[in-house]
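4 protein chains.
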Amino acid sequence: MQVGFIGLGHMGAGMAANLLRAAHEVTVFNRSADKRRPLLELGARAAATVADACTEETVITMLADDAALRQVALAEGGIVSTLRAGGTHVSMSTVSVALTRELTAAHEHARQRLIAAPVFGRPEMAAAGKLFIVAAGAAEALRKCQPLFEAMGQRTFPFGAEPAAASLVKLTGNFLIAATIETLGEALALVGKAGIDPAGFVELMTSTLFPAPAYRTYGTLIVERKFQPAGFAAPLGQKDVRLLLAAAEALHVSMPVASLVNDRLHRLIAQGGEKLDWSAISQLAAEDAGLRRTGGS
Amino acid sequence: MQVGFIGLGHMGAGMAANLLRAAHEVTVFNRSADKRRPLLELGARAAATVADACTEETVITMLADDAALRQVALAEGGIVSTLRAGGTHVSMSTVSVALTRELTAAHEHARQRLIAAPVFGRPEMAAAGKLFIVAAGAAEALRKCQPLFEAMGQRTFPFGAEPAAASLVKLTGNFLIAATIETLGEALALVGKAGIDPAGFVELMTSTLFPAPAYRTYGTLIVERKFQPAGFAAPLGQKDVRLLLAAAEALHVSMPVASLVNDRLHRLIAQGGEKLDWSAISQLAAEDAGLRRTGGS
Amino acid sequence: MQVGFIGLGHMGAGMAANLLRAAHEVTVFNRSADKRRPLLELGARAAATVADACTEETVITMLADDAALRQVALAEGGIVSTLRAGGTHVSMSTVSVALTRELTAAHEHARQRLIAAPVFGRPEMAAAGKLFIVAAGAAEALRKCQPLFEAMGQRTFPFGAEPAAASLVKLTGNFLIAATIETLGEALALVGKAGIDPAGFVELMTSTLFPAPAYRTYGTLIVERKFQPAGFAAPLGQKDVRLLLAAAEALHVSMPVASLVNDRLHRLIAQGGEKLDWSAISQLAAEDAGLRRTGGS
Amino acid sequence: MQVGFIGLGHMGAGMAANLLRAAHEVTVFNRSADKRRPLLELGARAAATVADACTEETVITMLADDAALRQVALAEGGIVSTLRAGGTHVSMSTVSVALTRELTAAHEHARQRLIAAPVFGRPEMAAAGKLFIVAAGAAEALRKCQPLFEAMGQRTFPFGAEPAAASLVKLTGNFLIAATIETLGEALALVGKAGIDPAGFVELMTSTLFPAPAYRTYGTLIVERKFQPAGFAAPLGQKDVRLLLAAAEALHVSMPVASLVNDRLHRLIAQGGEKLDWSAISQLAAEDAGLRRTGGS
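Listed below in structure tokens is the structure:
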């Protein structure tokens with residue numbers, strides 16, 4: 001397929017590369033031009049502007065946050081104002097439910113279609129084409145995009161015709177991870193203060209009831225207290241939890257664990273931990289137990 | 001080995017049967033005598049009293065709670081007063097850290113040894129010999145008991161020489177499960193109120209970041225709202241969370257998620273849910289979101 | 001003094017009347033014109049537009065929320081674009097810290113001055129000229145406005161030169177009230193379930209350690225469960241707590257009681273209580289204790 | 001009246017002195033004998049044992065905690081075993097609901113009567129005869145004790161015939177204070193980080209909606225960060241909150257603010273603050289906001 005790709009950060013670069021490897025024709029755009037080079041070597045065409053990346057029927061965006069996506073999609077010369085009628089915008093960033101709703105309406109008004117398709121997976125998984133893709137939008141458009149998803153991910157999970165659903169599902173998934181970090185932090189503060197080997201506890205739990213990547217990855221990070229360099233920095237984690245809470249509040253849904261995790265992330269940042277991985281909130285329970293200070297302060 | 005076995009409930013019955021199948025000689029005791037019959041058919045000998053089950057070097061207990069274990073072990077005619085010097089009491093119940101400490105001292109004073117070896121696993125796993133065993137106590141005693149553990153479980157996780165450590169690890173593991181239930185409850189209240197298919201969300205999460213028995217089992221229970229008959233009734237869950245909090249408070253460790261889960265379980269019970277599975281606390285977030293009342297009230 | 005007054009709701013009507021009684025010359029504006037009549041009878045002049053109310057040196061606003069104030073102050077034909085250079089806008093609404101900051105900058109750019117002067121007190125207190133006024137802005141402008149404040153309130157509390165400080169102080173004061181409601185709700189759920197007379201408990205506390213209007217007013221409301229008609233409806237309370245949390249999050253300040261109260265208010269609204277007084281969140285602890293359902297659902 | 005008085009600590013010494021000043025005949029007992037001297041100078045008789053203080057119809061206890069009261073009342077040679085049939089034990093300590101229930105039964109069994117009459121007030125108030133007394137027990141016994149209460153307090157609040165009610169009311173009152181401390185701590189962390197004068201904020205609130213001793217006393221302590229010497233040390237505060245939560249859990253009443261305050265107190269103690277006043281938990285919100293460390297660690 002012929003496709004535009006906007007946003008060549010840690011995630012987007014790998015995703016675009018996999019599209020090229022799967023023989024799709026990709027026109028790439030990134031605000032800082034140097035990020036394009038490796039893609040050009042793989043056969044991509046360079047777009048000089050957002051509009052240049054919107055000349056085909058389909059354009060993919062993979063951007064840092066609401067502000068970046070809003071600028072690329074809704075500003076003058078952006079996707080909505082330049083994509084052809086009938087064209088499809090595949091929005092793969094983790095953004096607010098409200099923005100996805102706003103984009104849905106804007107594209108509809110311009111007779112275009114929006115697919116929201118945020119992903120689970122770290123940069124290594126993006127590079128390996130092993131992402132999990134959560135996709136929502138018009139069924140026919142989803143079907144057409146399937147070859148693209150197959151090039152970038154190991155499995156696609158459809159969530160109906162309403163793009164906002166995919167954004168909410170992605171944010172809710174991140175909440176499950178944040179809650180896992182907090183829970184492990186409390187558990188390890190307790191066993192640690194009792195003089196029990198934390199690594200043994202994590203080994204036990206991940207060998208029995210919790211043999212899951214989320215527990216293995218974060219259990220190890222917490223036991224080793226390896227919060228730098230940040231895989232996912234605390235302010236980014238806090239932003240996602242805030243987007244989740246905003247979506248929940250709009251529906252009047254109370255989520256006390258999410259509120260707690262939000263408080264923890266603000267505390268971590270206020271105490272000097274903004275460069276740490278968001279899993280450093282696990283150390284706050286240890287600190288409250290009198291065990292230690294986190295490395296970031 | 002020759003071994004006494006006290007406590008033939010849902011868990012103990014399967015465990016004793018597996019000892020018999022592995023050719024150990026087992027003398028069983030249970031307060032209500034009719035529970036012994038299936039074991040006798042497998043070759044067990046019946047003990048008329050606790051003391052009768054303590055004639056060998058080793059006696060195993062698998063009882064409902066602190067009160068039952070205290071009665072069997074510390075009352076007149078109980079294990080401590082009847083087991084031979086040098087004998088070993090293998091305490092496999094989920095009980096308080098404080099009681100395990102008290103038992104450790106009492107056995108030491110009587111020149112006996114205590115091994116705490118609580119288990120993870122439901123009755124089916126007990127029947128299948130697939131339990132996970134968390135064991136702590138004197139190294140040599142642990143080694144001697146290994147054939148027993150192998151008959152009852154699929155893997156034994158050692159946690160050092162202090163029996164209380166095993167009790168704390170078990171309670172902390174249960175806390176991880178309780179936190180998982182609460183977190184899933186909040187997440188599913190949100191996606192449910194947003195009109196998203198909860199089963200699809202659970203399928204997504206357990207296929208990607210959380211492919212773990214705890215998430216699969218409880219995710220399914222919550223989606224199907226199948227809280228009766230209770231696999232693990234709310235008052236039992238509340239009791240375990242309280243034992244965890246008691247251990248945490250003794251060490252001045254603050255665990256806000258544990259406090260929240262404790263509050264949830266009390267609320268469930270106060271609102272008429274004492275016969276429901278403890279995973280019914282997941283419905284409280286849904287109820288708070290205006291979605292529904294739990295089936296128990 | 002000659003002064004414009006915009007916003008003749010439950011609070012503003014009484015405040016403007018008191019200015020007239022104190023012999024100030026008041027030009028009033030309200031979106032729905034019928035609210036002006038009582039004021040005209042007291043000698044006010046009617047303004048046909050916002051701009052008409054901005055012809056004097058000073059204009060006061062007392063509006064429902066951020067959106068209303070934003071419209072009146074920042075839209076075309078609004079205060080910023082029509083007030084004379086050197087004029088003063090006295091903003092007495094309870095609004096977000098962010099909007100007060102934005103207004104401060106807009107007025108400064110237009111060479112005008114902003115005073116933020118939100119108030120504590122119910123409509124009866126506004127009518128009686130007994131409000132407590134929290135005022136912040138340039139010292140000289142505050143001094144000039146003092147006769148106005150004296151006509152409307154019983155005491156003015158200065159909080160420095162930065163208008164945003166007054167908005168934050170007002171929101172934080174409302175948080176203290178919300179926390180009082182929640183705390184009383186939990187306490188009364190406990191004594192109520194124990195079979196103790198709640199009115200006696202409130203009488204005890206307000207006669208001894210807590211002889212304060214906030215405890216007397218809300219203690220009585222809660223004991224009598226008189227949540228309708230709402231003195232301050234749940235959605236308004238929730239909005240203020242959200243504005244508080246937004247200000248706190250901007251500074252990375254974690255406020256767990258505020259998070260809890262926010263969750264409670266969302267729950268009350270989700271369960272059908274949007275017409276109830278915000279103090280109806282006190283019933284949620286009672287409901288959780290199995291005592292009763294709030295009247296609103 | 002002729003009365004025994006057991007427990008001459010900070011509170012009891014002043015209370016017994018006021019009984020003597022009101023011309024009651026008081027026989028005093030205290031574990032450490034030197035505390036009796038000032039009372040003897042005021043005309044008290046000294047008792048050599050608990051039993052010696054139980055020779056009259058009425059005996060008052062004012063002890064530190066459950067353990068002390070249990071020892072004095074229930075041990076061999078204690079009140080229950082030595083007080084005459086028809087005699088009255090006036091228990092004025094702050095103790096658990098469970099112990100008051102146990103004492104009620106024990107006295108009933110011995111044909112004696114129990115009145116629970118815990119007090120609100122600091123040592124200065126005890127010395128000045130200005131305590132607030134919360135009294136519950138048989139109506140006739142309460143009536144007989146009224147002259148004693150009048151000598152020690154400024155007002156007596158009756159709470160029915162069940163002594164345990166008075167214990168619960170006292171603990172719940174302490175919870176209101178603890179919640180006030182936490183709430184003020186969060187509020188002052190926010191205004192403090194925003195650069196607003198905390199003393200001005202406390203002055204505002206205690207002049208308007210919260211002109212109450214609890215807010216004035218603790219508002220000042222928090223603003224001045226004067227947590228040493230402790231008026232009420234953190235471990236004592238934690239003990240009372242734990243007794244409250246135990247009573248609440250026994251009734252399946254969830255009290256999230258109480259759980260939070262309990263977590264805060266444990267954290268304060270774990271971080272080295274056991275010698276600080278319990279109001280030092282107010283500093284934890286400030287610490288979480290990145291403002292400072294509490295003086296105790």
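Protein chains in written order, with the numbering used here: chain A, 1 to 297; chain B, 1 to 297; chain C, 1 to 297; chain D, 1 to 297.
All C-beta atoms in this analysis are idealised placements derived from N, C-alpha and C, irrespective of residue type, glycine included.
All values derive from a computational prediction rather than experimental measurement.
Query, Result
"Using the C-alpha atoms, what's the distance from A:Thr220 back to A:Leu188?", "11 Å"
"Using a Cβ cut-off of 9 Å (strictly closer), state whether A:Lys193 contacts chain B.", "yes"
"Under 8 Å: do the stretch 12-20 of chain B and the stretch 267-282 of chain B share three or more Cβ pairs, one atom per stretch?", "no"
"Compare the Cα-Cα distances from C:Tyr2 to each of C:Leu268, C:Gly9 and C:Gly87 and report the closest residue.", "The question names Tyr, but residue 2 of chain C is Gln in the sequence shown. Checked all of C:Leu268, C:Gly9 and C:Gly87; the closest Cα to C:Gln2 is C:Gly87."
"If we define contact as Cβ-Cβ less than 9 Å, is C:Pro211 a contact residue for chain A?", "no"
"A:Gly43: which of A:Ala33, A:Glu56, A:His24 and A:Arg31 sits nearest, CA to CA?", "A:His24"
"Under a three-way DSSP split, which group does B:Gln228 fall into?", "coil"
"Alpha carbon to alpha carbon, how far is A:Ala117 from A:Glu76?", "24 Å"
"Compare the Cα-Cα distances from D:Leu291 to each of D:Gly231, D:Glu186 and D:Asp66 and report the closest residue.", "D:Glu186"
"Ends of the alpha helix (DSSP H) at D:Ile79?", "Ile79 to Thr82"
"Should B:Gln238 be labelled buried (16 or more other beta-carbon atoms within 10 Å of its own) or exposed?", "buried"
"For the stretch 172-179 of chain A against the stretch 130-148 of chain B, do three or more pairs of beta-carbon atoms, one drawn from each stretch, fall closer than 8 Å, so that the two count as touching?", "no"
"Is there contact here, the stretch 260-269 of chain D with the stretch 245-253 of chain B, by at least three beta-carbon pairs under 8 Å?", "yes"
"If distances are taken between C-alpha atoms only, which option among D:Ala85, D:Leu8 and D:Val223 comes closest to D:Ala64?", "D:Leu8"
"Would you report the Cα separation of D:Ser297 and D:Phe227, rounded to the nearest angstrom?", "At D:Ser297, the pLDDT of 37 sits below 50, so the modelled position is not reliable and the matter cannot be decided from this model."
"Give the DSSP bridge partners of D:Glu25, in chain order.", "D:Gln2"
"Is the stretch 152-166 of chain C touching the stretch 98-112 of chain C in the sense that three or more CB pairs, one from each, lie closer than 8 Å?", "yes"
"For B:Ala285, collect the residues of the same chain with a Cβ closer than 6 Å to its Cβ; drop the 5 residues on either side in sequence, then sort them by chain order.", "Gly185, Glu186 and Ala189"
"Using a beta-carbon distance below 9 Å, is C:Met255 in contact with chain D?", "yes"
"For C:Leu301, I'd like the list of residues in its chain whose CB is within less than 7 Å of its CB, leaving aside the five on either flank, ordered along the chain.", "With chain C represented from 1 up to 297, any question about residue 301 of chain C goes unanswered, as that position is not in the structure."
"Residues in the same chain with beta-carbon distance under 6 Å from D:Asn18, minus the five sequence neighbours each way, listed in chain order, please.", "Gly129, Ala151 and Met152"
"Select from the stretch 160-174 of chain B all residues with a C-beta closer than 7 Å to any C-beta belonging to chain A, and list them in chain order.", "Ala165, Leu168, Val169, Thr172 and Gly173"
"Could you round the C-beta distance between B:Ser93 and B:Thr55 to whole angstroms and report it? I think they count as a contact, below 8 Å.", "With 8 Å as the limit, B:Ser93 and B:Thr55 do not qualify as a contact, their Cβ atoms being about 21 Å apart."
"Can you find a CB in chain B that lies within less than 9 Å of the CB of C:Gln238?", "no"
"Should D:Gly200 be flagged as near chain C, meaning a C-beta pair shorter than 9 Å?", "yes"
"Name the one or two DSSP bridge partners that B:Pro158 has.", "B:Ala135"
"Any residues in the stretch 263-277 of chain A with a beta carbon nearer than 7 Å to a beta carbon of chain C? Which ones, in chain order?", "Asp263, His266, Arg267, Ile269 and Ala270"
"Should B:Val307 and B:Val202 be called a contact, given that it needs their Cβ atoms to be closer than 9 Å?", "Outside the shown range of chain B (1 to 297) lies residue 307 of chain B, about which nothing can therefore be said."
"Given this structure, state the Cα-to-Cα distance separating A:Thr206 from A:Tyr215, to the nearest angstrom.", "7 Å"
"Is there a Cβ from chain B that is less than 9 Å from the Cβ of C:Ala187?", "no"
"Compare the beta carbon distance of D:Val134 and D:Val119 with 9 Å and say whether it is the shorter of the two.", "yes"
"Under 9 Å between beta-carbons, which chain C residues line up against B:Ala289? List them in chain order, please.", "His266, Arg267, Ala270 and Gln271"
"Which residues, in order along the stretch 94-128 of chain A, keep a beta-carbon less than 9 Å from a beta-carbon of chain B?", "Val97, Phe120 and Gly121"
"According to DSSP, simplified to helix, strand and coil, what is D:Leu291?", "coil"
"Run through chain D and tell me which residues come within less than 8 Å of C:Ile177, C-beta to C-beta.", "Leu209"
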